[in-house]
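Data first, discussion second: the structure below is written as structure tokens.
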Amino acid sequence: MPKTIEFEKIEQTEEFQHLKRRKYRFIFTIPVIFLLYYLTFPILSAYAKPLMSSIVFGNITFGYLFGISYYLVIWTLAFVYVFKAKQYDREVENIIAKYGPKEKEKGA
1 MPKTIEFEKI
11 EQTEEFQHLK
21 RRKYRFIFTI
31 PVIFLLYYLT
41 FPILSAYAKP
51 LMSSIVFGNI
61 TFGYLFGISY
71 YLVIWTLAFV
81 YVFKAKQYDR
91 EVENIIAKYG
101 PKEKEKGA
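Each residue of the sequence shown is one higher than the one before, starting from 1 at the first, in UniProt numbering.
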């Protein structure tokens, strides 16, 4: 007879609750960071024109570099998210292995 995993019991464990809190905190933080960074460009464009139009080198302005930096920030956030998601998946597997059904030893 196949063993079933009692997810209700696993969900009540302190380890799972701690993991869930950390995951929700992370899932909330990443979009907030992105949104703050994303909204900074139009705010600076409207209220800090001297900064945005300042030449960094050659004909390249700070505003241009800031706009290009969106790609770097998005890719970084994506990589961080994927890394953390894999980490959370491994932790869930460990919790399920710890609190899930145990195989009986042969001869028992």
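Where is the CB? At the ideal position from N, CA and C, for every residue including glycine. Bear in mind that the values here come from a model prediction, so they are computed numbers and not experimental data.
Endpoints, the alpha helix (DSSP H) within which residue i is located
{"i": "Ile-68", "result": "62-99"}
{"i": "Ala-46", "result": "14-47"}
Where the beta strand (DSSP E) containing residue i begins and where it ends
{"i": "Ile-55", "result": "55-57"}
Own chain partners of residue i with C-beta closer than 8 Å, once the 5 adjacent residues on each side are dropped
{"i": "Lys-9", "result": "Tyr-99"}
For residue i, three-class secondary structure by DSSP
{"i": "Lys-9", "result": "helix"}
Chain D contact for residue i (CB, 7 Å cutoff)
{"i": "Phe-83", "result": "This model lacks chain D altogether, as it is built from one protein chain only."}
Same chain, Cβ closer than 6 Å to residue i, neighbours up to 5 away in sequence not counted
{"i": "Leu-19", "result": "Glu-91"}
Cut-off 7 Å between Cβ atoms - residues of its own chain near residue i, not counting five sequence neighbours on either side
{"i": "Tyr-81", "result": "Ile-30"}
- Message: Measuring CB atoms only, is the stretch 30-38 touching the stretch 63-81, in the sense that at least three cross pairs come out at less than 8 Å?
- Response: In short, these stretches touch, since the Cβ pair count reaches three.
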